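Here's the structure, in structure tokens; my notes come after.
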Amino acid sequence: MSSALSALRPPALRPRRPAWLSPKVARTEALAGLVVALALIPEAISFSILAGVDPRVGLFASFTMAVVIAFTGGRPAMISAATGAVALVVAPLVRDHGLQYLIAAVILGGTFQVLLAAAGVARLMRFIPRSVMVGFVNALAILIFGAQVPHLIGVPWLVYPMVASGLAIIFLLPRLTSAVPAPLVAIVVLTTLTVVAGLAVPDVGDEGELPSSLPFLALPDVPFTWHTLTVIAPYALGVAFVGLMESLMTAKLVDDLTDTHSDKTRESWGQGVANIVTGFFGGMGGCAMIGQTMINVKSGARTRLSTFLAGVLLLVLVVALGPVVAVIPMAALVAVMIFVSVATFDWHSLRTLRTMPLSETAVMLSTVAVVLLTHNLAIGVGVGVLVACVLFARRVAHLVEVTSSTDEQGRRVYAVHGAMFFASSNDLVHQFDYAGDPETVVVDLSDAHVWDASTVAALDAIAHKYRLRGKTATIVGLNQNSASRYDRHTGQLSSGG
Numbered sequence: 018m019s020s021a022l023s024a025l026r027p028p029a030l031r032p033r034r035p036a037w038l039s040p041k042v043a044r045t046e047a048l049a050g051l052v053v054a055l056a057l058i059p060e061a062i063s064f065s066i067l068a069g070v071d072p073r074v075g076l077f078a079s080f081t082m083a084v085v086i087a088f089t090g091g092r093p094a095m096i097s098a099a100t101g102a103v104a105l106v107v108a109p110l111v112r113d114h115g116l117q118y119l120i121a122a123v124i125l126g127g128t129f130q131v132l133l134a135a136a137g138v139a140r141l142m143r144f145i146p147r148s149v150m151v152g153f154v155n156a157l158a159i160l161i162f163g164a165q166v167p168h169l170i171g172v173p174w175l176v177y178p179m180v181a182s183g184l185a186i187i188f189l190l191p192r193l194t195s196a197v198p199a200p201l202v203a204i205v206v207l208t209t210l211t212v213v214a215g216l217a218v219p220d221v222g223d224e225g226e227l228p229s230s231l232p233f234l235a236l237p238d239v240p241f242t243w244h245t246l247t248v249i250a251p252y253a254l255g256v257a258f259v260g261l262m263e264s265l266m267t268a269k270l271v272d273d274l275t276d277t278h279s280d281k282t283r284e285s286w287g288q289g290v291a292n293i294v295t296g297f298f299g300g301m302g303g304c305a306m307i308g309q310t311m312i313n314v315k316s317g318a319r320t321r322l323s324t325f326l327a328g329v330l331l332l333v334l335v336v337a338l339g340p341v342v343a344v345i346p347m348a349a350l351v352a353v354m355i356f357v358s359v360a361t362f363d364w365h366s367l368r369t370l371r372t373m374p375l376s377e378t379a380v381m382l383s384t385v386a387v388v389l390l391t392h393n394l395a396i397g398v399g400v401g402v403l404v405a406c407v408l409f410a411r412r413v414a415h416l417v418e419v420t421s422s423t424d425e426q427g428r429r430v431y432a433v434h435g436a437m438f439f440a441s442s443n444d445l446v447h448q449f450d451y452a453g454d455p456e457t458v459v460v461d462l463s464d465a466h467v468w469d470a471s472t473v474a475a476l477d478a479i480a481h482k483y484r485l486r487g488k489t490a491t492i493v494g495l496n497q498n499s500a501s502r503y504d505r506h507t508g509q510l511s512s513g514g
């Protein structure tokens with residue numbers, strides 16, 4: 018009876034079936050999650066070493082981050098785990114105070130992220146120009162490739178043909194079939210070849226000891242005092258800001274790649290919740306991982322299922338199947354990450370360098386340069402945005418034009434055209450003939466807009482200079498917004514007012 022009634026319902030009233038319930042979609046999501054899980058293992062171990070902690074700390078963090086963000090995140094198919102950016106932030110804390118202070122800082126950092134999300138930090142994404150985004154993507158691709166170089170130096174010669182073979186499989190297999198992700202095929206083929214032929218090449222087991230037990234819930238073993246708070250707070254803020262910056266930038270990139278929209282506010286507080294849970298399970302914290310996210314998306318994943326399975330399969334691989342995972346040759350994972358770097362880089366940006374405005378190119382190159390120098394994507398994006406703001410202000414500062422004429426009543430009328438703010442209004446005071454003008458002067462702002470208090474101060478200075486000569490300057494033509502700002506600040510910003 019119920020099925021009959023369901024069939025009679027209009028399509029709009031029928032409950033929507035989740036996309037991942039489709040067998041085809043579920044298979045794609047599961048295979049993509051498996052590839053990501055395999056790629057996460059050496060990355061998490063490397064980031065643990067970078068932070069100065071045991072490999073299991075990074076591996077457990079990757080598990081909890083991925084599983085929690087699958088439910089709380091605002092960008093389906095995006096992968097969150099232990100990251101190098103967070104590792105760089107917390108490394109000094111681990112060195113000076115130990116692991117337990119790191120765990121406390123991760124929990125506090127997650128709390129800061131939740132508070133920042135409530136404050137609307139996600140809305141700041143609209144102020145990041147496209148040139149900064151391109152620089153972010155290109156710098157990330159270079160960093161991903163650079164991270165593979167140590168695995169190609171001082172290794173047996175067999176590593177090089179293995180990496181080349183892996184790349185050939187990854188790039189050529191999709192031309193024949195897309196039923197199975199090409200990176201997974203490359204990993205399986207090269208691992209089988211290594212084991213069967215008994216090849217002596219570096220493998221995952223050489224990167225560090227894999228855990229043999231499950232993570233457990235516990236409070237950080239630190240004194241709950243004001244001194245502890247002063248020690249961990251700066252690092253917690255670093256974790257919060259760097260994590261949110263990378264996560265929101267990665268979410269925007271995936272939005273562009275998949276032509277879909279994500280909930281940036283939900284992603285912000287979701288990252289906070291994931292870090293809080295990770296801290297209580299003894300993890301090092303993390304954020305969105307652009308490399309693994311690109312693997313996931315390029316493998317066809319589009320739902321939360323792939324993110325969830327990436328975390329679960331990671332734990333299964335390192336705990337239950339540790340001996341099997343340990344024999345995976347690093348050459349296979351290096352091939353996968355080189356593919357990711359090539360796919361991530363915006364090659365079109367190189368072809369348009371000659372046609373792009375110099376200011377846009379400068380913003381992109383400054384973002385890339387700072388990221389490569391600091392190995393910190395958040396700092397690079399911050400510098401890129403700052404450079405973009407300075408160049409924009411410099412460009413629009415020259416768009417204000419002042420023309421003068423004499424009306425029928427013999428008054429000198431100055432007509433101001435353009436957006437007036439601190440950069441464009443600084444020279445405004447020098448464009449009037451205070452000595453030669455008649456006793457009555459009109460400053461017409463009908464075609465202008467007053468954006469800040471600096472402009473009000475400049476207008477007050479102009480009026481003051483005329484008063485010193487016994488003349489009167491009248492400001493007219495203000496629109497409603499400009500008039501409100503002018504009335505609120507006039508006479509209060511300069512000694513001459």
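The opening position of the sequence shown corresponds to residue 18 in this note's numbering, with each subsequent residue numbered one higher.
From the three backbone atoms N, C-alpha and C, an ideal C-beta is built for every residue, glycine too.
Because the structure is a prediction, the values reported are computed rather than measured.
- If the five residues before and after SER499 are omitted, its C-beta is found closer than 6 Å to the C-beta atoms of HIS466, VAL467, all from its own chain and listed in chain order.
- Fully enclosed alpha helix (DSSP H) runs of no fewer than 4 residues occupy 281 to 297 of the region 259 to 309, in order along the chain.
- In the three-state scheme derived from DSSP, where H, G and I count as helix and E and B as strand, ALA500 is classed as helix.
- Note on geometry: alpha-carbon atoms of VAL106 and VAL256 lie some 7 Å from one another.
- Below 8 Å, too few C-beta pairs join the region 343 to 354 and the region 92 to 99 to call them touching: fewer than three.
- Spanning the alpha carbons of VAL329 and ALA61 requires a straight line of approximately 15 Å.
- For the alpha helix (DSSP H) assignment, the uninterrupted runs of no fewer than 4 residues enclosed by the region 416 to 486 are, from N- to C-terminal side, 439 to 442, 470 to 485.
- Assigned with DSSP and collapsed to three states, PRO109 falls in helix.
- With contacts defined by Cβ atoms closer than 8 Å, ALA164 and ILE187 do not form a contacting pair.
- Per DSSP, the unbroken alpha helix (DSSP H) holding ALA348 starts and ends at 347 to 361.
- Residue burial annotation: ASN313 is buried, with at least 16 other C-beta atoms found within 10 angstroms of its C-beta.
- Beta-bridge partners assigned by DSSP to VAL493: ASP461.
- With at least 16 other beta carbons inside 10 angstroms of its own, TYR431 counts as buried.
- Rounded to the nearest whole angstrom, the CA to CA distance from SER358 to VAL419 is 51 Å.
- For VAL473, the closest alpha carbon among the candidates LEU495, LEU67, ARG321, LYS41 is that of LEU495.
- In the three-state DSSP reduction, ALA94 falls in the coil class, being neither helix nor strand.
- Look at ASP220 here: in three-state DSSP terms it is strand.
- DSSP, read as helix, strand or coil, puts PHE188 in helix.
- About 29 Å separates the CB atoms of VAL149 and VAL351; that is not less than 8 Å, and the two are not in contact.
- In the structure shown, ARG412 falls within a helical segment according to DSSP collapsed to helix, strand and coil.
- If the five residues before and after GLN448 are omitted, its C-beta is found closer than 7 Å to the C-beta atoms of VAL419, all from its own chain and listed in chain order.
- When the five nearest sequence neighbours on each side are left out, the beta carbons in the same chain lying within less than 8 Å of the beta carbon of ILE492 are those of VAL460, LEU462, LEU476, ALA480, TYR503, in order along the chain.
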